[in-house]
Ligand SMILES: Nc1ncnc2c1ncn2[C@@H]1O[C@H](COP(=O)(O)OP(=O)(O)OP(=O)(O)O)[C@@H](O)[C@H]1O
Ligand SMILES: [Mg+2]
């Protein structure tokens, strides 16, 4: 038996487990291409427009840090300037999360110990994870290349963009493979890998900001730090402006090296253990832990922190985009129409419609968090410590309600954070920060009742069908999202769209916040939650 | 004597499986009660019903004078439970888990906690994900014994403990017994049950097949005798209650039903008994005898396994 025996079987297993998650990541990332192409064409239809905007961009180091060093004024180069680094970060996060999911997380749950005792080679698990993730990146890169070619961009540059994105994702897969070997928990491995993605983004930003502005006045040659960053490599490929293919060697060599390191580490450590031993913790519990609510908070706070960081970053990005969008909206009816449809507001102010569309996305994210948080009670019950906890003086209602409180409170925190970040960044660039923070926070909080419905549903299925709860709750989330957020674009009949809670949320700030739908949504959510609690109290524990 | 646990006719089904099939169990206040049965007999299921984690389909159960399902929360404050599979939170330390269980149960004795951690040689500042099975078990045992409760419900508490720790465990069970507390101890370790338990209940396929003190149970089974006499022994195999007799002139080895022992000794004296050794049946033998049918079905010879 070789060290790789059984890899094919594990690949199939991993694809099966990821059959929903990875396609969502890929689609969610690739969708940036049509959005950005439309925006570039609206705002900067001629080369002269692009030269003008890039001239001012090269004078703003902050903008170069956020985006990248412009390489030219062709339409393709402008698209790359607007999208490449964001998409690279998304590909990186998709890859690191997936690799950790199929390596360290498997070990943590003891799955790989059981798999490892069957006929699979020592390297099979990691190899399978890397094969699946590399495949996902190739699909993503292929989609991006095809989309760009479809928009009439030169084939070479388009393929360069796709290949570069795929390569960057694959590099981060290698990073995650190493991180998964040196830590003991998937949470820590995810943290390390995501931090490497973040550092890569910032290092590249520094190199671009410190770069040399060329005599033409609108292109910049990045300084050396950019070359230290995998995200810098994809921008240094200079798609549509010279197409430097040889740069692809850097990610490929790095990937090969990191995989080599990861394999070497696999041989040196035991299953379930890491290279960096777990830090010791307190021998006594702090009083804050010693209650059902304290415990729920302790178990959930890491997840909430991660989501908060993500939503603040997203909110800030939206806030910083608002000026750009405003310019674009002024000029193009088609985009305005799309945005207005997404937001569900009729003839409202277009800027408000844009923000309303963004609020709907915050609502979806908050709902996603709530569903994730409310799956925790189920994992505590199924082969977890819930049995022992519920044999203490902790009643079932108290126990479940504690998790519910953390989830609902957390969703509110996320919406406030995203809304406030949007208002703050928008306000700082266009003035009136104070008022905008309040407006946007309020607008974001309007989304809360829709997230509450999904919370109520998750609790209800947990009470009624515990074994199916995880699948049903995520299915409800996905259906609500598709039907509610895209229903009008897809032309679904109103009766179908009405099943999604998102359909009923007023499109604030495009529409005014009407109390009735919010109260109705909240009432339904409370009813679902109460039913779930009552059902859980009456049923057997399902271990 | 009052009853800490009393169960009669308990039935619990999981789909097609009838896990409990009219089970009876009675545990007196202040006793250590052994709860035995082969894998899948329904021990853990019984315990979970008693803890209100599962709901019985039929039968009566009362625990510390209350109803296990309706009065669950109040009852839980008066008992401590060590589950058969101890699952902890991977990123909480053992010490945190002990404090947490103590607090959720209504407080724990700090001095006793320290003493238990010391005696069980537990490192309380390690994250639970790094604990071995035995150490996870210790966390649950320490949390239980550090709580001031009337009833300890222990489901295979020592599976995974080494012999030294097993001895420490037995000491604490004796201590809580001295203090008048009740212990329900499910176990597969016969020596532990023999050493600790006042009474035992043996269950099989969801039904109680034997219950009583060890002496009472022994009475229901056979004693192994080895004897040497002055004159050749005759007629032994024909005596009532004698099994597997091997007679070799003045020597004989055989088993005898315990209730025929007196009669048999009278019979032996006529051959001038020189030496006699008798071995009372061990709990293991008792157990094996009850499951003899099952073992034989599976091709295992009960006696062979015993000796
Ligand atoms: N949640 C469940 N769903 C279906 N069957 C179950 C469930 N829990 C227990 N059983 C079945 O009930 C029977 C009794 O199981 P139980 O766990 O009570 O046995 P046990 O006496 O504790 O065994 P062991 O000595 O192995 O711990 C077994 O046949 C088991 O398969
Ligand atoms: Mg059991």
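Chains as they are written, first to last, in UniProt numbering: chain A, 1 to 543; chain B, 1 to 307. Here a beta-carbon is modelled for each residue, glycine too, at the ideal position from N, C-alpha and C. Note that the structure is a prediction, hence the values are computed from the model and not measured.
Partners in chain B for residue i, counting only beta-carbon separations shorter than 8 Å
{"i": "residue 59 of chain A", "result": "Those within 8 Å of residue 59 of chain A in chain B number zero; the least Cβ separation is about 48 Å."}
{"i": "residue 540 of chain A", "result": "53, 54 and 55"}
{"i": "residue 395 of chain A", "result": "72 and 73"}
Neighbour flag for residue i against chain B, beta carbons, 8 Å
{"i": "residue 238 of chain A", "result": "no"}
{"i": "residue 470 of chain A", "result": "no"}
{"i": "residue 281 of chain A", "result": "yes"}
{"i": "residue 384 of chain A", "result": "yes"}
{"i": "residue 392 of chain A", "result": "yes"}
{"i": "residue 532 of chain A", "result": "no"}
{"i": "residue 424 of chain A", "result": "no"}
{"i": "residue 299 of chain A", "result": "yes"}
{"i": "residue 465 of chain A", "result": "no"}
{"i": "residue 305 of chain A", "result": "no"}
{"i": "residue 2 of chain A", "result": "no"}
Contacts that residue i makes with chain A (C-beta to C-beta distance below 8 Å)
{"i": "residue 140 of chain B", "result": "388"}
{"i": "residue 308 of chain B", "result": "Coverage of chain B is limited to positions 1 through 307, which leaves residue 308 of chain B absent and any answer about it impossible."}
{"i": "residue 135 of chain B", "result": "Neighbours of residue 135 of chain B on chain A: none; closest Cβ ~14 Å, over 8 Å."}
{"i": "residue 88 of chain B", "result": "385"}
Per-residue contacts from residue i into chain B (C-beta, under 7 Å)
{"i": "residue 547 of chain A", "result": "Outside the displayed span of chain A (1 to 543) sits residue 547 of chain A, for which this structure offers no information."}
{"i": "residue 295 of chain A", "result": "100"}
Residue-level contact to chain A via CB, residue i, 8 Å cutoff
{"i": "residue 106 of chain B", "result": "yes"}
{"i": "residue 95 of chain B", "result": "yes"}
{"i": "residue 103 of chain B", "result": "yes"}
{"i": "residue 308 of chain B", "result": "Given that chain B is displayed from residue 1 to residue 307, the structure contains no residue 308 of chain B and the question cannot be resolved."}
{"i": "residue 39 of chain B", "result": "no"}
{"i": "residue 7 of chain B", "result": "no"}
{"i": "residue 226 of chain B", "result": "no"}
{"i": "residue 83 of chain B", "result": "yes"}
{"i": "residue 2 of chain B", "result": "no"}
Rounded straight-line distance, which links the Cα of residue j to that of residue i
{"i": "residue 508 of chain A", "j": "residue 192 of chain A", "result": "37 Å"}
{"i": "residue 203 of chain A", "j": "residue 106 of chain A", "result": "32 Å"}
{"i": "residue 360 of chain A", "j": "residue 502 of chain A", "result": "8 Å"}
{"i": "residue 252 of chain A", "j": "residue 233 of chain A", "result": "11 Å"}
{"i": "residue 22 of chain B", "j": "residue 8 of chain B", "result": "7 Å"}
{"i": "residue 53 of chain A", "j": "residue 351 of chain A", "result": "21 Å"}
{"i": "residue 205 of chain A", "j": "residue 220 of chain A", "result": "12 Å"}
{"i": "residue 423 of chain A", "j": "residue 436 of chain A", "result": "5 Å"}
{"i": "residue 305 of chain A", "j": "residue 36 of chain A", "result": "30 Å"}
{"i": "residue 38 of chain B", "j": "residue 526 of chain A", "result": "46 Å"}
{"i": "residue 30 of chain B", "j": "residue 479 of chain A", "result": "58 Å"}
{"i": "residue 302 of chain A", "j": "residue 410 of chain A", "result": "11 Å"}
{"i": "residue 539 of chain A", "j": "residue 477 of chain A", "result": "25 Å"}
{"i": "residue 547 of chain A", "j": "residue 190 of chain A", "result": "Given that chain A is displayed from residue 1 to residue 543, the structure contains no residue 547 of chain A and the question cannot be resolved."}
{"i": "residue 19 of chain B", "j": "residue 46 of chain B", "result": "9 Å"}
{"i": "residue 496 of chain A", "j": "residue 83 of chain B", "result": "48 Å"}
Neighbour list for residue i in chain A, Cβ cutoff strictly below 9 Å
{"i": "residue 276 of chain B", "result": "Residues of chain A passing the Cβ test: none, with the nearest at roughly 51 Å."}
Contact set between residue i and chain A, taken where Cβ atoms lie within less than 7 Å
{"i": "residue 126 of chain B", "result": "280"}
Open item on the list: Extract the residue ranges of the beta strand (DSSP E) inside the region 16–95 of chain B, only unbroken runs of 3 or more that lie entirely within it.
Closed with: You should have 17–28, 32–36, 58–63 and 79–82.
Open item on the list: My parser needs the alpha helix (DSSP H) runs of 4 or more residues fully inside the region 244–299 of chain B; what are they?
Closed with: 261–269, 283–290 and 292–297, all fully within the region 244–299 of chain B.
Open item on the list: Threshold first: 4 residues or longer. Then list the alpha helix (DSSP H) segments lying entirely within the region 162–215 of chain B, N to C.
Closed with: Within the region 162–215 of chain B, the complete alpha helix (DSSP H) runs of at least 4 residues are 163–178 and 190–196.
Open item on the list: My parser needs the beta strand (DSSP E) runs of 3 or more residues fully inside the region 48–77 of chain A; what are they?
Closed with: The region 48–77 of chain A contains no whole beta strand (DSSP E) run of 3 or more residues.
Task: Ranges of the alpha helix (DSSP H) found wholly within the region 254–309 of chain A, counting only runs of at least 4 - done: Whole alpha helix (DSSP H) segments, 4+ residues: zero.
TODO: Identify every run of the alpha helix (DSSP H) within the region 92–156 of chain A, keeping only runs that are complete inside it and at least 4 residues long; order them along the chain.
DONE: List check, alpha helix (DSSP H) in window: 104–108, 111–117 and 124–150.
Open item on the list: Tell me which residues of the region 11–42 of chain B have at least one Cβ-Cβ distance to chain A shorter than 8 Å, keeping chain order.
Closed with: Within the region 11–42 of chain B, no residue qualifies.
Task: Positions along the region 151–181 of chain B whose CB lies within less than 9 Å of some CB in chain A - done: Hits within the stretch, in order: 153.
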